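Quick notes on the structure that follows.
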Amino acid sequence: MQLSDKLLLPPLRPCDGDKKCLIIDLDETLVHSSFKPVKNPDFIIPVEIDNVIHQVYVLKRPYVDEFLERIGDKFECVLFTASLAKYADPVADFLDKRGVFRARLFRESCVFHKGNYVK
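Next up, the structure:
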């Protein structure tokens, strides 16, 4: 296996050269999601599980838009979640209108250890 096969992140962009890398979790940090309907969701994501489409109701955490706007210019921001990409990628698309996240890492980038997905 080559070193490049082990890397999770793309090469550093020249514009991010002096920035520190900030790894940000998704669920319960930027958003709260539920399979049960919630009052006034910010958005609803359809997710297929075992050939059945489920609606995931997503609430943005208070001030998440302002947070992402402020950190985007100061850090190389990476989203890292233990959630499946088929759910987390559409959620990130709704949140990240300005392209703050330089990379997105999902469950596939985690290690399964003692019944849990570990980042």
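Under the UniProt record's numbering, the sequence shown has 107 at position 107, and the numbering climbs by one with no breaks.
Just so it is clear, CB atoms sit at the ideal spot from N, CA and C, and this is done for glycine as well.
From a predicted model like this one, the values you see are computed outputs, not experimental measurements.
For residue i, count neighbouring Cβ atoms within 10 angstroms of its own Cβ and tell me buried if that reaches 16, exposed if not.
i    : result
F106 : buried
C15  : exposed
C77  : buried
R102 : buried
V31  : buried
Grab the span of the alpha helix (DSSP H) containing residue i for me, first residue to last.
i   : result
F67 : 64-72
F35 : Careful: F35 lies outside any alpha helix (DSSP H) and carries neither H nor E.
P46 : Unbroken run through P46 is the beta strand (DSSP E), 43-49; no alpha helix (DSSP H).
From residue i to residue j, what distance separates their C-alpha atoms?
i    : j    : result
P90  : I45  : 7 Å
S4   : S109 : Unreliable placement is indicated for S4, whose pLDDT of 48 sits below 50; no coordinate value is reported for it.
I24  : R13  : 19 Å
V38  : Y57  : 6 Å
G115 : R61  : 28 Å
Hey, quick one: how far does the beta strand (DSSP E) through residue i stretch, first residue to last?
i   : result
L79 : 75-80
In terms of DSSP beta bridges, what is residue i paired with?
i    : result
N116 : H113
L105 : F80
C15  : None, per the DSSP bridge assignment.
V91  : DSSP output for V91 lists no bridge partner at all.
L22  : C77
Query raised in the report: Three or more C-beta pairs closer than 8 Å, one from the segment 75-83 and one from the segment 46-57: is that the case here?
Result: no
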